[in-house]
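Residue numbers (this note's numbering): 2 to 140.
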């Protein structure tokens with residue numbers, strides 16, 4: 002789950018709110034907004050924390066680059082507008098998207114979720130065309 006908010010509740014009890022509406026009380030103090038957490042559904046215990054920082058593997062969950070997977074290279078802060086995060090996929094292509102569209106899924110080399118068939122690499126328009134024509138010519 003992606004952390005949307007870190008707050009203090011009644012009687013100074015810390016809690017976090019995740020992207021899917023869950024509220025987890027007494028989180029680890031190092032958890033910040035935009036971090037991802039892996040937790041056990043039965044007990045609600047946090048098993049692992051994925052910090053939102055450069056060098057982490059992330060997946061784009063919405064926007065034009067939806068479904069792409071890459072390593073976070075840098076973050077840009079834009080006060081009064083949307084913050085931007087730059088990613089680089091395994092093929093070497095770089096792309097940028099809004100920080101709200103990015104979900105950290107693991108360390109730089111090891112994803113903790115099952116990746117899509119193409120490992121989140123999107124072909125360019127020309128590469129896609131050549132691939133389709135190459136397949137069509139062999140049939």
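C-beta: ideal position from N, C-alpha, C; glycine also.
Being a predicted model, the structure only gives us computed values, none of them experimental.
Check	Outcome
Beta carbon of residue 1 nearer than 8 Å to that of residue 39	Because the chain in this structure spans residues 2 to 140, residue 1 falls outside the shown range and cannot be described.
Supposed contact pair residue 106 and residue 85 - C-beta distance, whole angstroms, cut 8 Å	Not quite, the Cβ-Cβ distance comes to about 19 Å (not below 8 Å), so this is no contact.
Nearest residue (CA-CA) to residue 53, options 73, 41, 63	73
Selected residue, minimal CA-CA separation from residue 50, among 61, 65, 30, 68	30
Cβ pair residue 116, residue 70 closer than 8 Å	yes
Pairwise C-alpha distance: residue 104 and residue 26	21 Å
Supposed close pair residue 75, residue 55 - CB separation, criterion 8 Å	6 Å
Beta-carbon contacts of residue 63 that lie in its chain and below 7 Å, excluding the five residues immediately before and after	102
Backbone secondary structure at residue 93 - three-state DSSP	coil
Alpha carbon of residue 1 to alpha carbon of residue 131, nearest angstrom	Because the chain spans 2 through 140 in this model, residue 1 falls outside it and cannot be assessed.
Counted within 10 angstroms of its Cβ, other Cβ atoms place residue 60 as buried (16 or more) or exposed	buried
Counted within 10 angstroms of its Cβ, other Cβ atoms place residue 44 as buried (16 or more) or exposed	exposed
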